[in-house]
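Presented below is the structure to which this report refers.
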Amino acid sequence: MGPPRSRATRLLALLFAAWLATAPAAAAPPTVDVVGFGAHTRLTAAELAALPRSSVVAEDHGARGRWEGVAVTTLLARLGAAQGESLRGPRLGDVLLVTARDGYRVAYALAEFDPDLGGARAVLADTRDGQPLDAHEGPFRLVLPDE
């Protein structure tokens, strides 16, 4: 285990953002920015689709659906976030901050995703029931089955 990190560097930011131009014809392809611990990775939809896939069944506005995408734990591992045995002691305070393209923000403790600690199986979904997410709920959506 390396030296303790300051609270500021323990704060992870996964920015799930799709930057769309105002003119549909000039729209940039959707991307996801994964930022934290001094690392920054921008993933395209194609790169996300090439990562290992995971699915969860969750309810949204009273309708159940199967959401598929990349497990949040996979994205956290790419970032080098503490998981498993390394997520102990002061590291239990590490946070995942998710910011959507509309500015909506929510924070989660990393422990909420850790399977060793009974964490949720969350996915950054790009499909629901086998169909790409529509413009209203996509192109990406963070899905936690119990929320």
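When you line the sequence shown up against mature numbering (1 follows the signal peptide of the UniProt record, and there is no 0), it's residues -27 to -1, 1 to 120, in that order. Even for Gly, the Cβ is constructed at its ideal location relative to N, Cα and C.
One thing to note: V29 has its Cβ within 9 angstroms of the Cβ of V116. Here G57 really is in contact with D89; their C-beta atoms are around 5 angstroms apart, less than 8 angstroms. Contact between G66 and A12 is absent: CB atoms are separated by about 19 angstroms, not below the 8 angstroms threshold. Here DSSP, grouped into helix, strand and coil, assigns L115 to strand. Approximately 11 angstroms separates the beta-carbon atoms of R78 and L69; this is outside 8 angstroms, ruling out the contact. Here P25 is not near A1, since their CB atoms are 9 angstroms or more apart. L106 and G42 have their C-alpha atoms roughly 11 angstroms apart.
Per DSSP, the beta-bridge partners of Y81 are L69. One Cα belongs to R39, the other to A19, and the distance between them is close to 20 angstroms.
In chain order, R64, D67, L83 place their CB closer than 7 angstroms to the CB of A55, counting only its own chain and leaving out the 5 sequence neighbours on each side. Straight-line measurement puts the Cα of F113 at about 5 angstroms from the Cα of D99. If the five residues before and after R51 are omitted, its C-beta is found closer than 7 angstroms to the C-beta atoms of V7, T14, all from its own chain and listed in chain order.
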